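Notes to accompany the following structure.
Number of protein chains: 2
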Amino acid sequence: MRPAPSQDEVRRQNLGALLRHVHVHGATTRAELTTTLGLNRSTIGALTADLAGVGLVSEEAPRETGRAGRPSLVVRPESDRVFAYAYSVEVDRLRAARIGLGGAVLDQRELDRPRGLLAAEAAPLLAGAVKEMQQGVPPDAICVGAGVAVCGMVRRDDGLVRLGPTTGWVDEPIGAALGAELGIDVPITVGNVADVAAFAEHARGVAAGCDNVIYLYGDVGVGAGIIAGGRRLTGHGGYGGEVGHMKVVRDGMPCECGSRGCWETEIGEHGLLRAAGRSDARGRDALLAVFDAADRGDARAQTAVRQAGDWLGFGVANLVNVFNPEMVIFGGTMRDLYLAAAAQIRSRLNSNALGACLEHVRLRTPKLGADAPLIGAAELAFERLLADPLDVG
Amino acid sequence: MRPAPSQDEVRRQNLGALLRHVHVHGATTRAELTTTLGLNRSTIGALTADLAGVGLVSEEAPRETGRAGRPSLVVRPESDRVFAYAYSVEVDRLRAARIGLGGAVLDQRELDRPRGLLAAEAAPLLAGAVKEMQQGVPPDAICVGAGVAVCGMVRRDDGLVRLGPTTGWVDEPIGAALGAELGIDVPITVGNVADVAAFAEHARGVAAGCDNVIYLYGDVGVGAGIIAGGRRLTGHGGYGGEVGHMKVVRDGMPCECGSRGCWETEIGEHGLLRAAGRSDARGRDALLAVFDAADRGDARAQTAVRQAGDWLGFGVANLVNVFNPEMVIFGGTMRDLYLAAAAQIRSRLNSNALGACLEHVRLRTPKLGADAPLIGAAELAFERLLADPLDVG
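Residue numbers (full-length UniProt numbering), protein chains in the order written: chain A, 1 to 393; chain B, 1 to 393.
The following block contains the structure:
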């Protein structure tokens with residue numbers, strides 16, 4: 001337990017709490033802010049004035065309420081003017097977006113990513129997308145930072161991608177490469193795609209209000225973003241959540257990480273295509289074709305989907321016993337697998353997970369869908385703003 | 001992010017921070033407290049006076065330092081007067097202790113626990129031990145609460161033991177039973193033994209200063225106390241850390257939890273005795289006999305220990321990939337297994353864990369030894385005190 005904050009810290013913390021509230025919940029009356037934050041009216045007024053002074057929020061009279069008395073002013077995040085850049089480096093595509101305070105996607109670009117493309121090659125492509133988007137940015141807009149979501153293990157201290165088994169990246173400095181290319185003088189924060197997608201769903205998606213959440217994200221491999229006790233679980237170096245590399249078969253199939261029998265060899269893209277007799281195929285479309293075939297009655301595809309679903313339930317049961325979450329979210333290709341094999345997953349969960357750990361678990365698909373990595377990457381940038389709002393710009 | 005604390009909360013938080021410092025680090029000069037806590041001298045003086053006023057700390061002149069100038073007063077926790085009761089319900093024994101503020105074991109009693117003994121039967125035995133200890137309590141002493149460590153899954157809200165596969169407990173209200181028997185008007189907090197042992201090692205043991213820790217605790221079964229980002233991972237209902245019930249073999253040996261192939265069927269008491277050809281034996285002594293036999297060159301015992309060590313490494317590798325800890329602690333019977341099979345464990349870790357997750361992991365045995373559950377149970381009680389020190393008694 002730390003000592004209580006100083007006067008300066010108190011002000012920063014209260015500014016952050018107010019700005020976070022309108023960032024997450026949108027326009028809010030001063031009266032509601034007073035109640036929700038437990039601060040008095042004059043403090044709310046002073047904090048709002050400070051935030052408005054640097055252009056982060058605006059105030060306006062509310063619409064006619066029909067009630068008597070002076071209406072409470074509405075505090076609104078400056079979503080069109082205050083924004084972060086968000087990037088997503090995925091196995092087969094690159095995305096860039098401009099996300100407003102409040103979480104709205106203001107603009108977005110998508111590019112193919114040839115397999116094997118490294119950070120130094122990806123950065124100029126993403127920078128080109130940003131240049132295009134900059135043409136639509138109002139002259140008085142404020143860019144508060146940039147965040148990157150990437151498939152791979154990201155060192156927290158400097159955003160180095162240590163290992164991306166599915167992207168082929170080893171020690172790729174994507175944050176530094178983007179910083180050099182963009183020529184924008186804002187901090188760039190890098191996070192694992194499952195971590196930042198979980199962060200987004202926890203901040204403003206299906207897991208809002210849940211303190212213990214496992215967000216499984218499948219692309220070619222499988223990772224997890226984990227919220228424990230209301231906070232992101234990152235681990236010592238930032239590499240926590242590599243659930244795809246839990247071994248589920250002692251001498252199983254070789255995995256791209258160099259080991260064998262990892263969970264993702266059974267539930268990831270390769271495992272499912274192999275089980276469906278389509279080892280030569282790859283990519284999201286090939287995977288979706290298996291689900292389609294199963295849907296249309298193809299026996300081999302059905303067996304493959306059931307089998308992968310059983311393995312998905314097997315691993316989720318382990319995670320439920322270890323984390324006792326209140327929600328498990330199935331994102332990326334895990335969403336498709338969950339929807340196609342929910343019965344197998346539930347059955348395996350019921351037989352493998354401890355009753356007490358399982359009793360309040362809700363299984364869900366993401367609310368933010370494919371935008372979650374971008375929204376989460378932007379949240380990384382907004383976190384810095386919320387920690388010290390008046391330090392903006 | 002919450003708004004900043006109010007004036008009252010600031011005072012409570014600072015009182016808690018100062019008391020925690022001397023509780024963990026022992027007697028400390030005012031000058032050191034000023035530096036460490038980052039508060040000014042007059043604030044430290046006022047906080048110390050408040051804490052001394054309710055009998056939680058005392059102040060005295062330091063021993064002669066030989067330095068010039070007025071020496072800084074030393075603030076000392078009232079370890080002999082301020083205490084918590086701690087209980088530990090284990091598979092084959094019951095323990096009760098009186099633990100002073102500062103973490104010293106002031107008194108301790110141990111009783112056999114016949115297998116099958118339920119909460120309503122255990123409580124009077126523990127209450128008897130407390131009655132004995134009460135004779136040695138100074139008349140002006142302050143009991144701040146009681147904590148219980150128990151092998152089993154503990155519901156956080158009310159301390160109900162939902163399931164203790166190795167104790168045979170199902171929905172046993174040990175906290176309520178102890179409260180009724182003891183007739184002491186103090187709050188009783190119940191926690192899983194691995195959780196509270198981890199808490200103790202994190203507060204004042206081998207993991208002091210580590211923010212990401214896995215403490216494996218073996219008795220008959222195996223559980224973990226997990227510290228993530230500096231905080232205990234409890235999960236939604238309090239059941240997190242049931243790592244012994246990760247499935248490592250798809251259709252493995254039956255487990256006492258009702259499922260099959262759980263990790264503890266390979267590394268727990270039954271698994272090791274079975275592998276050593278001693279399935280009829282049970283208990284800690286039988287287990288130690290296997291390690292002894294292996295040490296003396298018994299081939300079957302050596303094979304059993306190597307095999308169990310390999311499985312121990314297998315599961316730890318999974319946890320390393322999921323949590324990216326900086327320390328793994330082997331407690332209870334896991335300590336014996338770790339010491340007997342360190343080579344197998346390290347080898348399996350090196351081949352199964354991801355390099356980045358593994359690079360800063362230290363493998364350790366507990367510092368607090370067999371007292372960790374008791375010290376951790378007392379810490380549960382001290383937590384309440386530290387949250388609001390002036391509410392004592």
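Ideal Cβ placement from N, Cα and C applies to all residues, glycine included.
The structure presented is a predicted model; accordingly, all values stated were derived computationally and were not measured.
Query - residue 149/A classed as buried or exposed, judged by whether at least 16 other C-beta atoms fall within 10 angstroms - result: In summary, residue 149/A is buried, with 16 or more beta-carbon neighbours lying within 10 Å of its beta-carbon over all protein chains present.
Query raised in the report: When Cβ atoms are compared, which residues of the stretch 160-191 of chain B fall closer than 8 angstroms to chain A?
Result: Cβ proximity to chain A below 8 angstroms picks out 162 and 163 from the stretch 160-191 of chain B.
Requested in this report: Pull up the CB-CB distance for residue 212/B and residue 235/A, whole angstroms please, since I reckon it's below 8 angstroms.
Outcome: Indeed they touch by this definition, with Cβ atoms about 6 angstroms apart.
Report task. Could you tell me which uninterrupted alpha helix (DSSP H) segments, each at least 4 residues in length, are contained entirely in the stretch 275-334 of chain B, listed from first to last along the chain? Result -> With a minimum length of 4 residues, the continuous alpha helix (DSSP H) runs that stay inside the stretch 275-334 of chain B are 284-295 and 299-323.
**Report entry** Residues in the stretch 225-249 of chain B having any Cβ partner in chain A nearer than 9 angstroms
**Finding:** Of all residues in the stretch 225-249 of chain B, 226, 228, 229, 231, 232, 233, 234, 235, 236, 237, 238, 239, 240, 241, 242, 243, 244, 245, 246, 247, 248 and 249 have a Cβ within less than 9 angstroms of some Cβ in chain A.
Query - CB contact check: residue 117/B to chain A, cutoff 7 angstroms - result: No, no contact with chain A.
Query raised in the report: Taking three-plus beta-carbon pairs below 8 angstroms as touching, is the stretch 342-356 of chain B in contact with the stretch 307-326 of chain B?
Result: Yes, the stretch 342-356 of chain B touches the stretch 307-326 of chain B.
Requested in this report: Would you please state the rounded distance, in angstroms, between the beta carbons of residue 274/A and residue 327/A? I believe it to be under 8 angstroms.
Outcome: No, residue 274/A and residue 327/A are not in contact; Cβ-Cβ is about 30 angstroms, not under 8 angstroms.
Requested in this report: Closer than 9 angstroms by beta-carbon distance: list the chain B residues that pair up with residue 337/A, in chain order.
Outcome: Listed along the chain, the chain B residues whose CB falls inside 9 angstroms of the CB of residue 337/A amount to none; the nearest CB is some 18 angstroms away.
Query raised in the report: Under a three-way DSSP split, which group does residue 173/A fall into?
Result: Three-state result, residue 173/A: coil.
Report task. Could you have a look at residue 197/B and say whether DSSP puts it in helix, strand or coil? Result -> Helix.
Query - Any C-beta of chain A under 7 angstroms from that of residue 105/B - result: No, because no Cβ of chain A sits closer than 7 angstroms to the Cβ of residue 105/B.
**Report entry** Beta-carbon contacts of residue 32/A that lie in its chain and below 6 angstroms, excluding the five residues immediately before and after
**Finding:** Cβ within range, chain order: n/a, list empty.
Query raised in the report: Which residues of chain B have a Cβ atom closer than 8 angstroms to the Cβ of residue 153/A, listed in chain order?
Result: Those within 8 angstroms of residue 153/A in chain B are 354, 356 and 357.
Query raised in the report: Which residues does DSSP pair with residue 153/B in a beta bridge?
Result: 163/B, per the DSSP bridge assignment.
Query raised in the report: Can you find a C-beta in chain A that's less than 7 angstroms from the C-beta of residue 259/B?
Result: Interface residue, yes.
Requested in this report: Check whether the Cβ atoms of residue 112/B and residue 133/B lie closer than 7 angstroms to each other.
Outcome: In this structure, residue 133/B does not lie closer than 7 angstroms to residue 112/B by Cβ.
Requested in this report: Could you confirm whether any beta carbon from chain A is found closer than 7 angstroms to the beta carbon of residue 199/B?
Outcome: False, the Cβ-Cβ gap to chain A never drops below 7 angstroms.
Requested in this report: Give a yes or no on whether 7 angstroms exceeds the smallest Cβ distance from residue 323/A to chain B.
Outcome: Residue 323/A counts as touching chain B.
Query raised in the report: Counting only runs that start and end within the stretch 90-158 of chain A, where is the alpha helix (DSSP H) found for 4 or more residues in a row?
Result: 119-134, all fully within the stretch 90-158 of chain A.
Query raised in the report: From residue 2/B to residue 43/A, what distance separates their C-alpha atoms?
Result: Distance from the CA atom of residue 2/B to the CA atom of residue 43/A, rounded to whole angstroms, is 15 angstroms.
Query raised in the report: Is the Cβ of residue 383/A closer than 7 angstroms to any Cβ of chain B?
Result: Not one chain B Cβ lies under 7 angstroms of residue 383/A.
Requested in this report: Show which residues of chain A have a CB atom less than 8 angstroms away from the CB atom of residue 317/B.
Outcome: By Cβ distance, chain A contributes 247.
Query raised in the report: So is residue 10/A in contact with chain B if we call contact Cβ pairs under 7 angstroms?
Result: Yes, residue 10/A counts as interfacial toward chain B.
Query raised in the report: Under 7 angstroms, do residue 51/A and residue 82/A count as touching if we go by C-beta distance?
Result: Cβ atoms of residue 51/A and residue 82/A: not closer than 7 angstroms.
Query - Alpha carbon of residue 225/B to alpha carbon of residue 299/B, nearest angstrom - result: Using only the alpha carbons, I get a separation of about 34 angstroms.
Report task. Pull up the distance between the alpha-carbon of residue 60/B and that of residue 18/B, whole angstroms please. Result -> Distance between the alpha carbons of residue 60/B and residue 18/B is about 16 angstroms.
Query raised in the report: Where does residue 267/A sit, in a helix, a strand or coil, going by DSSP?
Result: When DSSP states are grouped into helix, strand and coil, residue 267/A belongs to the helix group.
Requested in this report: Can you say whether residue 131/B is buried or exposed, counting buried as having 16 or more other CB atoms within 10 angstroms of its CB?
Outcome: Sixteen is the threshold: since fewer than 16 other Cβ atoms of the shown chains lie within 10 Å of the Cβ of residue 131/B, the residue is exposed.
Query raised in the report: Which whole-angstrom value describes the C-beta separation of residue 40/B and residue 240/A, a residue pair presumed to lie in contact below a C-beta threshold of 8 angstroms?
Result: With 8 angstroms as the limit, residue 40/B and residue 240/A do not qualify as a contact, their Cβ atoms being about 38 angstroms apart.
Query raised in the report: residue 24/A lies in the alpha helix (DSSP H); which residues open and close that run?
Result: It spans 7-25 - the alpha helix (DSSP H) in which residue 24/A sits, taken as one unbroken run.
Query raised in the report: Within 10 angstroms of its Cβ, does residue 304/A collect 16 or more other Cβ (buried), or is it exposed?
Result: Counting every other CB atom within 10 Å of its CB across the protein chains shown gives residue 304/A a total of 16 or more, marking it as buried.
Query raised in the report: Using the beta-carbon of each residue, which ones in chain B are nearer than 8 angstroms to residue 326/A?
Result: Correct list: 236.
**Report entry** Positions along the stretch 12-23 of chain A whose CB lies within less than 7 angstroms of some CB in chain B
**Finding:** Along the stretch 12-23 of chain A, the positions whose C-beta sits under 7 angstroms from a C-beta of chain B are 13, 14, 16, 17 and 20, read in chain order.
Query raised in the report: Would DSSP call residue 184/B helix, strand or coil?
Result: In this structure, DSSP gives residue 184/B a state outside helix and strand, which the three-state scheme calls coil.
Query raised in the report: Between the stretch 246-263 of chain B and the stretch 365-379 of chain A, do three or more beta carbon pairs fall short of 8 angstroms?
Result: These segments do not touch.
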